[in-house]
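S.K.: Just so we're aligned: the sequence shown equals residues 1 to 62 in full-length UniProt numbering. This is the structure, below, for whatever I ask next.
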Amino acid sequence: MQSGGPFFQVELGRLDGLNSTAGSVPGQLPEPNQTMDQLLAVFKAHGLNMSDLVALSGVRSV
Numbered sequence: 001m002q003s004g005g006p007f008f009q010v011e012l013g014r015l016d017g018l019n020s021t022a023g024s025v026p027g028q029l030p031e032p033n034q035t036m037d038q039l040l041a042v043f044k045a046h047g048l049n050m051s052d053l054v055a056l057s058g059v060r061s062v
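Structure (structure tokens):
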């Protein structure tokens with residue numbers, strides 16, 4: 001809005017969950033000191049594969 005571009009109302013909130021706790025996070029996200037095998041296991045637990053791991057990791061380094 002400050003740049004003079006178009007403005008539209010965005011509905012807030014998530015539709016995939018109504019409850020979020022810090023205690024549910026450990027083990028759900030990759031840690032910076034994990035081995036490749038550990039990282040792949042975290043990604044596979046979420047239905048992702050090696051290509052997903054590479055793409056999502058690489059996008060942060062560009």
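For glycine and all other residues, C-beta sits at the position ideal for the given N, C-alpha and C.
What is the DSSP secondary structure of GLN9, counted as helix, strand or coil?
M.R.: Looking at GLN9 - three-state DSSP - the assignment turns out to be coil, as it is neither helix nor strand.
S.K.: Distance, Cα to Cα, SER20 vs GLY13?
M.R.: 12 Å
S.K.: With H, G and I counted as helix, E and B as strand and the rest as coil, what does DSSP make of GLN38?
M.R.: helix
S.K.: How about LEU40 and LEU56: are their beta carbons less than 9 Å apart?
M.R.: no
S.K.: Can you give the Cα-Cα distance for ASN49 and VAL42, rounded to whole angstroms?
M.R.: 10 Å
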